[in-house]
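Structure first, commentary second.
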Ligand code: MN
Ligand code: MN
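Residue numbers (the numbering used here): 1 to 285.
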């Protein structure tokens with residue numbers, strides 16, 4: 001099954017969707033490997049015509065590549081994902097990845113680097129968690145370490161998590177020591193997402209932004225189907241606003257940590273809807 005209306009061939013596509021059904025390092029509730037297909041299924045709930053953009057998804061030239069073959073070790077997954085995303089970038093297309101867990105974002109950004117696409121590129125993550133541990137359960141590729149890994153090869157000043165409300169002591173001290181900028185969910189509630197994004201963009205000082213949406217950044221009331229739910233989250237309209245504000249500056253997008261076994265369907269539907277939001281923003285003239 002393809003994401004709704006995403007029937008363009010790879011050659012004719014401007015945007016390419018890739019599913020990454022990987023959840024091997026998940027620490028609490030596993031099952032995000034089921035998310036890519038579930039999100040595709042939910043995508044058929046929505047109208048092809050996006051009235052607020054006056055654009056139809058079927059006119060947006062999107063190709064759905066299907067899912068990454070998930071066999072082998074974690075390193076095999078990272079290598080395969082790196083090479084797929086490299087192919088997408090080499091051909092000048094905009095990548096959208098559906099996790100799977102958050103660890104998939106690191107090989108994606110490495111592909112941007114290998115394609116010399118990281119000059120002027122910043123990374124914004126929406127997340128309840130800082131994901132800044134050096135290692136977790138003896139695993140440096142854990143989803144709890146993705147901000148740390150990306151900061152090591154991109155530069156710590158080039159990645160900013162937003163929506164944070166869970167930080168362990170070690171992460172707190174390392175963030176201070178290494179100079180990681182981040183914005184808590186409480187700051188978003190207090191100042192509004194527009195001001196927070198403007199501050200983040202000033203700090204990043206980048207023309208282009210890769211946006212990584214860990215669905216647990218959104219409040220569990222809206223997105224209950226996730227591996228590590230945290231109260232006090234963002235609401236979907238704030239994330240939609242952020243996507244809209246990044247119009248003309250987005251370089252790539254992923255949505256991760258949707259966990260269908262813990263969902264009533266609404267979390268996958270929300271992920272699908274936010275993907276169509278990104279597609280509309282990229283495809284709008
Ligand atoms: Mn995360
Ligand atoms: Mn998280």
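Yeah, the Cβ is synthetic: ideal placement off N, Cα and C, and Gly gets one too.
Only a predicted model underlies this, so the values are computations on that prediction, with no experimental measurement involved.
Problem set entry | Straight-line Cα distance separating residue 185 from residue 103 | Whole-angstrom Cα-Cα distance: 22 Å.
Problem set entry | Cβ pair residue 85, residue 14 closer than 9 Å | Taking 9 Å as the Cβ cut-off, residue 85 and residue 14 do not qualify as a contacting pair.
Problem set entry | the segment 106-126 touching the segment 251-269, judged by at least three CB pairs closer than 8 Å | Counting Cβ pairs under 8 Å, three or more are found: they touch.
Exercise. Are the Cβ atoms of residue 162 and residue 129 separated by less than 9 Å?
Worked result: No; because the gap between Cβ atoms is not below 9 Å, this pair is not in contact.
For this session: Go through the residues and name those whose CB comes closer than 7 Å to any heavy atom of ligand 1, in chain order.
Result: Cβ atoms closer than 7 Å to ligand 1 belong to 102, 125, 127, 129, 131, 143, 146, 214, 216, 256 and 257.
For this session: For the alpha helix (DSSP H) containing residue 81, list its first residue and its last residue.
Result: Following the DSSP letters along the chain, one finds residue 81 inside the alpha helix (DSSP H) bounded by residues 74-90.
For this session: Output the boundary residues of the alpha helix (DSSP H) element that contains residue 150.
Result: Taken as a continuous stretch (DSSP letters only), the alpha helix (DSSP H) holding residue 150 covers 146-154.
For this session: Under 6 Å Cβ to Cβ from residue 246, same chain only, skipping five residues before and after it: list those, please.
Result: Apart from sequence neighbours up to five positions away, the residues of its chain that approach residue 246 with a beta-carbon distance below 6 Å are 209, ordered along the chain.
Exercise. Which of helix, strand or coil does DSSP assign to residue 142?
Worked result: The answer is coil: DSSP assigns residue 142 none of H, G, I, E or B.
Exercise. Do you know how far the Cα of residue 35 is from the Cα of residue 22?
Worked result: Residue 22 and residue 35 have their C-alpha atoms roughly 9 Å apart.
Problem set entry | C-beta contact flag for residue 215 and residue 235 at 9 Å | Note that the C-beta distance between residue 215 and residue 235 is not below 9 Å.
Problem set entry | Alpha carbon of residue 169 to alpha carbon of residue 147, nearest angstrom | Distance between the alpha carbons of residue 169 and residue 147 is about 16 Å.
For this session: State yes or no: is the C-beta of residue 230 nearer than 8 Å to some heavy atom of ligand 2?
Result: Correct: residue 230 has its Cβ closer than 8 Å to ligand 2.
Problem set entry | contact_flag[the segment 69-83, the segment 256-272] where n(CB pairs < 8 Å) is 3 or more | No, the segment 69-83 is not in contact with the segment 256-272.
For this session: Put residue 212 into one of helix, strand or coil per three-state DSSP.
Result: If DSSP states are grouped into helix, strand and coil, residue 212 belongs with the strands.
Exercise. My guess is that residue 132 and residue 203 are in contact by the Cβ rule of under 8 Å, so how many angstroms apart are they, rounded?
Worked result: Not a contact, Cβ separation roughly 16 Å.
Problem set entry | Backbone secondary structure at residue 71 - three-state DSSP | Reduced to three states, the DSSP call for residue 71 is coil.
Exercise. If we call anything under 9 Å between Cβ atoms a contact, is residue 318 one with residue 33?
Worked result: Residue 318 lies beyond the range of the chain shown here (1 to 285); nothing can be said about it.
Problem set entry | Residues bridged to residue 250 (per DSSP) | Bridge partners of residue 250: 209.
Exercise. If you compare alpha carbons, which of 274, 25, 5 and 257 is closest to residue 139?
Worked result: Across the set 274, 25, 5 and 257, the C-alpha of 25 shows the shortest separation from the C-alpha of residue 139.
Exercise. Between which two residues does the beta strand (DSSP E) harbouring residue 125 extend?
Worked result: 121-126 is the extent of the beta strand (DSSP E) around residue 125.
Exercise. Under 9 Å between the Cβ atoms of residue 121 and residue 213?
Worked result: Cβ atoms of residue 121 and residue 213: not closer than 9 Å.
Exercise. By Cβ distance below 6 Å, which residues in the same chain neighbour residue 39 in space, the five residues on each side in sequence not counted?
Worked result: Cβ neighbours of residue 39 beyond the five flanking positions: 98, 268, 271 and 272.
For this session: Name, in chain order, the residues that DSSP records as bridge partners for residue 278.
Result: Per the DSSP secondary-structure output, residue 278 pairs with nothing in a beta bridge.
Exercise. For residue 129, which residues does DSSP report across the bridge?
Worked result: Paired residues: 166.
For this session: Kindly indicate which residue of 4, 258 and 200 has the alpha-carbon position closest to the one of residue 242.
Result: Distances from the alpha-carbon of residue 242 to those of 4, 258 and 200 put 200 closest.
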